[in-house]
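S.K.: Can you read through this structure? Questions will come right after.
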Amino acid sequence: MTEKPTGSGAARWGFYLMGLLILAMGLTLNTKAGLGVSPIISLSYAASVIWNRNFGDMTFVLYGIFVLIQAAIHLREKGKAGRSLLMKDALQFPLSIVFTRFLNVFSVCIPSLEECGTAASGLLGRLGVLMLALIFTGIGAAMSLSMRLVPNPGDGLVQVLADTFGIGTGLMKNCVDAFCIVLSLIMGLLFAGKPVGIGIGTVCAVMLVGRVIALFHHIFGKAMLQAAGLESGRN
Numbered sequence: 026m027t028e029k030p031t032g033s034g035a036a037r038w039g040f041y042l043m044g045l046l047i048l049a050m051g052l053t054l055n056t057k058a059g060l061g062v063s064p065i066i067s068l069s070y071a072a073s074v075i076w077n078r079n080f081g082d083m084t085f086v087l088y089g090i091f092v093l094i095q096a097a098i099h100l101r102e103k104g105k106a107g108r109s110l111l112m113k114d115a116l117q118f119p120l121s122i123v124f125t126r127f128l129n130v131f132s133v134c135i136p137s138l139e140e141c142g143t144a145a146s147g148l149l150g151r152l153g154v155l156m157l158a159l160i161f162t163g164i165g166a167a168m169s170l171s172m173r174l175v176p177n178p179g180d181g182l183v184q185v186l187a188d189t190f191g192i193g194t195g196l197m198k199n200c201v202d203a204f205c206i207v208l209s210l211i212m213g214l215l216f217a218g219k220p221v222g223i224g225i226g227t228v229c230a231v232m233l234v235g236r237v238i239a240l241f242h243h244i245f246g247k248a249m250l251q252a253a254g255l256e257s258g259r260n
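This is how it looks when you write it as structure tokens:
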């Protein structure tokens with residue numbers, strides 16, 4: 026009889042936190058390239074630019090809204106299953122605090138390429154930073170999601186909506202991305218007179234981040250799961 030791997034707590038949390046750190050770096054680089062940000066964080070980024078607020082704090086507010094939507098849906102569940110789902114929702118709040126603090130640290134440490142006046146501020150330099158941002162975003166998302174711990178509120182919302190409406194996760198992700206892009210465009214046009222945070226980088230994020238996640242899983246996924254104790258090394 027083959028024992029089911031239970032996972033090494035230290036290694037599993039280590040990969041998870043490293044994934045969050047890399048994801049935060051990727052999202053921050055995305056904003057610094059000045060070519061448009063990932064769809065879901067386009068809402069918090071637009072709000073931070075339009076109203077001159079802290080990007081990390083605005084992202085925490087956005088994530089809080091996502092968690093409340095999930096909790097409202099899960100309140101319909103009765104008994105132990107419902108309580109378990111609500112507990113998972115609640116755990117996304119401390120995750121959001123940690124993750125958005127990472128965003129703030131990186132936002133302070135990394136200058137905006139549009140303003141730094143170096144060779145990297147040219148179009149080719151910004152495209153290079155954008156590609157690096159998308160790679161980091163995909164790797165960070167792959168690492169944190171693979172550990173099957175507390176989901177990022179954006180991913181959690183997509184999964185809950187997909188389950189509620191009986192739609193595939195990929196299709197629901199596209200729907201949520203499209204909604205966020207449209208809402209960000211409306212915010213920018215109404216309050217800034219122009220789109221804010223939406224550009225070629227947004228399109229690239231939609232098209233490429235999922236491919237980076239798939240490639241990372243293909244190359245490193247099995248070894249990472251084995252190192253975290255989530256998959257047996259035996260065939």
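In terms of my numbering, the sequence shown opens at residue 26 and continues consecutively. In this text, a Cβ means the ideal position worked out from N, Cα and C, and glycines have one as well.
#1: If you draw a straight line from the C-alpha of residue 38 to the C-alpha of residue 218, how long is it?
#2: Would you tell me roughly how many angstroms separate the C-alpha atoms of residue 109 and residue 84, rounded to the nearest one?
#3: Sort 249, 248, 222 by Cα distance to residue 65 and report the nearest one.
#4: Under a three-way DSSP split, which group does residue 244 fall into?
#5: Checking 8 Å against the spacing of the C-beta atoms, do residue 169 and residue 44 come in under that value?
#6: Considering only the alpha carbon of each residue, which of 210, 119, 162, 244 lies closest to residue 235?
#7: Report the rounded CA-to-CA distance for residue 36 versus residue 46, giving the unit in angstroms.
#8: May I ask which residues mark the beginning and end of the alpha helix (DSSP H) holding residue 38?
#9: Here's the rule: buried if 16 or more other CB atoms are within 10 angstroms of the residue's CB, otherwise exposed. What is residue 205?
#10: Express the C-alpha separation of residue 164 and residue 237 in angstroms, rounding to a whole number.
#11: Alpha carbon to alpha carbon, how far is residue 115 from residue 27? Give it in angstroms, no decimals.
#12: Would you check if the distance between the CB atom of residue 34 and the CB atom of residue 137 is smaller than 8 Å?
#13: So does the region 116–126 actually touch the region 86–93, counting three or more Cβ pairs closer than 8 Å?
M.R.: The short version:
#1: 44 Å
#2: 25 Å
#3: 222
#4: helix
#5: yes
#6: 162
#7: 15 Å
#8: 34–58
#9: buried
#10: 7 Å
#11: In this predicted model, residue 27 has a pLDDT of only 44, less than 50, meaning its place in the structure is not dependable enough to derive any value.
#12: no
#13: yes
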